[in-house]
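Chains A and B are the protein sequences, given in the same order.
Mapping of the first sequence onto the working numbering: residues 1 to 184, in sequence order.
Mapping of the second sequence onto the working numbering: residues 185 to 467, in sequence order.
We put the beta carbon where it would ideally sit given N, CA and C, even for glycine.
These notes are about the structure you will find just below.
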Amino acid sequence: NALIGTPADCQPCPCPDRSSCAQIVETGQVVCTNCPTGQTGMRCQMCEDGYYGDPLGQSGAVQPCERCDCNGNVDFNALGICDHITGRCLKCLGYTEGDHCQYCQQGFYGNALNQTAGQKCKPCSCNPAGTSGHVNDCHPQTGNCQCLRHVTGRDCSHCEAGFFNLQPGVGCERCKCNPIGSAS
Amino acid sequence: TRPTVHPLPPGTHLLFSQNGKIDHIPLEGYDMKKDDAKTVLHLPEKVVIGVAYDCVEKMVYWTEITSPSISKASIQGGDPIHVIRSDLESPEGIAIDHLGRTMFWTDSVEDHIEVASLDGSQRRVIIDSDLVNPRAIITDPPNGNLYWADWNREAPKIETAHMDGSNRRVLVKDDLSLPNGLTYDFQSSLLCWVDAGTHKMECMHPGRGDRRQIVAGILYPFGVTSFGKNLYYTDWRRDAVVAVDRHSGKETEEFQPQKRTKLYGIATAYAHCPSGQNYCAVN
Numbered sequence: 001n002a003l004i005g006t007p008a009d010c011q012p013c014p015c016p017d018r019s020s021c022a023q024i025v026e027t028g029q030v031v032c033t034n035c036p037t038g039q040t041g042m043r044c045q046m047c048e049d050g051y052y053g054d055p056l057g058q059s060g061a062v063q064p065c066e067r068c069d070c071n072g073n074v075d076f077n078a079l080g081i082c083d084h085i086t087g088r089c090l091k092c093l094g095y096t097e098g099d100h101c102q103y104c105q106q107g108f109y110g111n112a113l114n115q116t117a118g119q120k121c122k123p124c125s126c127n128p129a130g131t132s133g134h135v136n137d138c139h140p141q142t143g144n145c146q147c148l149r150h151v152t153g154r155d156c157s158h159c160e161a162g163f164f165n166l167q168p169g170v171g172c173e174r175c176k177c178n179p180i181g182s183a184s
Numbered sequence: 185t186r187p188t189v190h191p192l193p194p195g196t197h198l199l200f201s202q203n204g205k206i207d208h209i210p211l212e213g214y215d216m217k218k219d220d221a222k223t224v225l226h227l228p229e230k231v232v233i234g235v236a237y238d239c240v241e242k243m244v245y246w247t248e249i250t251s252p253s254i255s256k257a258s259i260q261g262g263d264p265i266h267v268i269r270s271d272l273e274s275p276e277g278i279a280i281d282h283l284g285r286t287m288f289w290t291d292s293v294e295d296h297i298e299v300a301s302l303d304g305s306q307r308r309v310i311i312d313s314d315l316v317n318p319r320a321i322i323t324d325p326p327n328g329n330l331y332w333a334d335w336n337r338e339a340p341k342i343e344t345a346h347m348d349g350s351n352r353r354v355l356v357k358d359d360l361s362l363p364n365g366l367t368y369d370f371q372s373s374l375l376c377w378v379d380a381g382t383h384k385m386e387c388m389h390p391g392r393g394d395r396r397q398i399v400a401g402i403l404y405p406f407g408v409t410s411f412g413k414n415l416y417y418t419d420w421r422r423d424a425v426v427a428v429d430r431h432s433g434k435e436t437e438e439f440q441p442q443k444r445t446k447l448y449g450i451a452t453a454y455a456h457c458p459s460g461q462n463y464c465a466v467n
């Protein structure tokens with residue numbers, strides 16, 4: 001406050017890089033008004049929406065504000081996509097999950113880090129007739145479902161060679177071909 | 185210590201949010217008095233998104249996503265008052281029915297629209313289906329209508345309903361991409377929107393469906409508000425408030441705050457309430 005008339009009237013702003021500040025008249029509170037890119041808060045101690053970190057090291061080591069890292073599995077038009085301190089992703093898309101949207105959700109398989117749309121996380125969709133498990137239960141990477149006896153295919157939808165007649169809850173039967181009359 | 189509002193002088197103002205604050209720009213006619221633009225309210229630990237204005241009590245209302253809440257403060261000076269603090273995930277757009285004394289908001293995680301009295305009581309969900317990314321919401325109090333936009337990338341749309349959620353209809357669904365902002369002008373009965381995917385500003389009379397383009401090639405609009413012949417929108421690429429003349433379709437002015445960071449919601453703080461009656465008051 002320059003209106004008091006003592007040498008200490010004007011004090012340097014308590015803000016990074018000598019950036020500007022303002023004093024709220026009613027409360028005397030000093031607020032930084034021009035924080036470095038990505039930083040905000042009374043003393044520029046926080047990261048802006050879309051960024052995360054701890055730029056002044058208030059809860060540990062100094063961690064400059066960085067853009068939320070969600071492996072391309074969030075929408076840039078959305079708000080609040082990651083926790084502004086830990087960076088934990090809060091709005092994963094495309095059936096992904098995890099702190100950085102790096103995994104496929106339960107019931108989906110594939111590579112959450114694949115950047116090609118449609119190649120990321122696909123539903124397990126196990127064939128209800130051929131699976132011994134749940135239709136949403138498959139290997140997270142390969143997508144292989146748990147097949148009944150002599151049933152094969154990623155989604156357990158057909159019989160192994162030499163087997164036929166896929167029966168729900170049972171599996172496939174061995175072919176009963178007469179060895180004399182068969183070509184194979 | 186708490187933040188306090190710097191009282192606004194009389195007249196019409198634009199109110200908009202930026203990280204940690206709500207700023208105002210006085211209007212002189214339709215021109216922005218840029219030299220007089222100031223911060224109304226510092227909220228340094230908050231990410232303020234939606235902004236709305238109640239012309240009766242001269243209060244600004246806002247949504248905040250850091251510790252999800254809805255608050256209000258008098259623009260004539262005073263401390264912020266929490267209105268809603270519980271059961272919010274990601275409140276984004278907010279709108280006031282100054283006649284019915286209610287507020288409406290969208291929540292993009294809950295994927296619903298809620299209404300409550302201006303003190304936060306009588307809270308109720310009015311729309312809770314077929315919403316993916318609801319954001320902008322706006323009222324037409326004299327006619328008892330509500331409008332909102334959903335920027336769902338698979339099927340973006342602009343919808344309307346009565347203020348109790350009944351009579352819900354899709355108004356626009358073709359040639360939309362990311363309709364982030366909506367505004368309704370009481371005098372002209374025009375509903376206008378800004379789209380960050382088609383990069384257009386468009387308007388229509390909701391009853392007539394006479395959609396027309398105002399401007400194309402805008403960069404990344406987020407919020408929009410109307411006042412008379414002008415529309416004012418916030419832009420994420422330009423970090424600015426941009427004024428557009430609705431009749432000529434020309435950009436007339438730009439205001440860029442000193443701090444270069446995203447601008448979110450924008451609202452017009454009218455000097456006086458637009459005249460009109462609520463259908464509830466008549467019936």
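Report the rounded CA-to-CA distance for residue i versus residue j, giving the unit in angstroms.
i               : j               : result
V62 of chain A  : N317 of chain B : 34 Å
Y214 of chain B : K413 of chain B : 8 Å
W289 of chain B : V426 of chain B : 25 Å
C239 of chain B : H208 of chain B : 15 Å
M42 of chain A  : D220 of chain B : 23 Å
K217 of chain B : L211 of chain B : 6 Å
F108 of chain A : V293 of chain B : 22 Å
P458 of chain B : N327 of chain B : 13 Å
C104 of chain A : T142 of chain A : 12 Å
R421 of chain B : V74 of chain A  : 19 Å
P430 of chain B : V224 of chain B : Looking at the sequence itself, residue 430 of chain B is Arg, so the reference to Pro does not match. Cα to Cα, R430 of chain B sits roughly 28 Å from V224 of chain B.
P12 of chain A  : L192 of chain B : 28 Å
L302 of chain B : G277 of chain B : 15 Å
A345 of chain B : R352 of chain B : 4 Å
T247 of chain B : D263 of chain B : 16 Å
C240 of chain A : P168 of chain A : Chain A is shown only over 1 to 184; residue 240 of chain A falls outside these bounds and no answer can be derived.
I249 of chain B : N127 of chain A : 42 Å
Can you find a CB in chain A that lies within less than 9 Å of the CB of residue i?
i               : result
T185 of chain B : Confidence at T185 of chain B is low in this model, with a pLDDT of 40, below 50, so its placement is unreliable and the value that follows should be read with caution. Yes, T185 of chain B lies at the interface with chain A (some Cβ there is under 9 Å from its Cβ).
A424 of chain B : no
W332 of chain B : no
R269 of chain B : no
T418 of chain B : no
T125 of chain B : Because chain B spans 185 through 467 in this model, residue 125 of chain B falls outside it and cannot be assessed.
T196 of chain B : no
T286 of chain B : no
T436 of chain B : no
P264 of chain B : no
T409 of chain B : no
Since residue i sits in a beta bridge, which residues does DSSP pair it with?
i               : result
M287 of chain B : B:I280, B:A300
I265 of chain B : B:K256
M46 of chain A  : A:T40
D429 of chain B : B:N414, B:K434
R308 of chain B : B:V299
Q23 of chain A  : A:V30
P67 of chain A  : In the sequence as presented, Pro is not what sits at residue 67 of chain A; that position holds Arg. For R67 of chain A, which the question treats as bridged, DSSP gives the partners A:Y51.
F200 of chain B : B:D207, B:I450
N329 of chain B : B:D324, B:H346
Y109 of chain A : A:K122
Q146 of chain A : Paired residue(s): none; Q146 of chain A is not in a bridge.
Residues of chain B with CB under 7 Å from residue i, in chain order?
i              : result
G87 of chain A : By Cβ distance, chain B contributes nothing, its closest Cβ being about 15 Å from G87 of chain A, past 7 Å.
Residue i touches chain B at which residues, Cβ-Cβ below 9 Å?
i              : result
L79 of chain A : V231, I233, I249, S274, E276, S292, R319, Y448
What residues from chain A crowd round residue i, counting only those whose CB sits closer than 8 Å?
i               : result
Q260 of chain B : Going along chain A, no residue has its Cβ under 8 Å from Q260 of chain B, so there is no contact; the nearest lies around 13 Å.
T452 of chain B : The premise fails here: T452 of chain B is roughly 22 Å from chain A at the closest Cβ pair, so nothing lies under 8 Å.
D279 of chain B : Asp is not the amino acid found at residue 279 of chain B; the sequence shown has Ala there. Those within 8 Å of A279 of chain B in chain A number zero; the least Cβ separation is about 17 Å.
Given that residue i touches chain A, what residues does it touch there, using C-beta distances under 9 Å?
i               : result
S204 of chain B : Note on residue identity: the sequence assigns Gly, not Ser, to residue 204 of chain B. Those are V31, C35, T40, G41, M42, M46, E48, listed as they occur along chain A.
Q442 of chain B : S20, T33, N34
Taking CB distances under 9 Å as the criterion, tell me whether residue i reaches chain B.
i               : result
D17 of chain A  : no
K120 of chain A : no
H84 of chain A  : yes
K91 of chain A  : yes
Since residue i meets chain A, which of its residues come closer than 7 Å, beta carbon to beta carbon?
i               : result
A380 of chain B : N77
T445 of chain B : E48
W335 of chain B : N77
message: Residues of the segment 341-368 of chain B in Cβ contact with chain A at a cutoff of 9 Å, in chain order, please.
response: L362, N364
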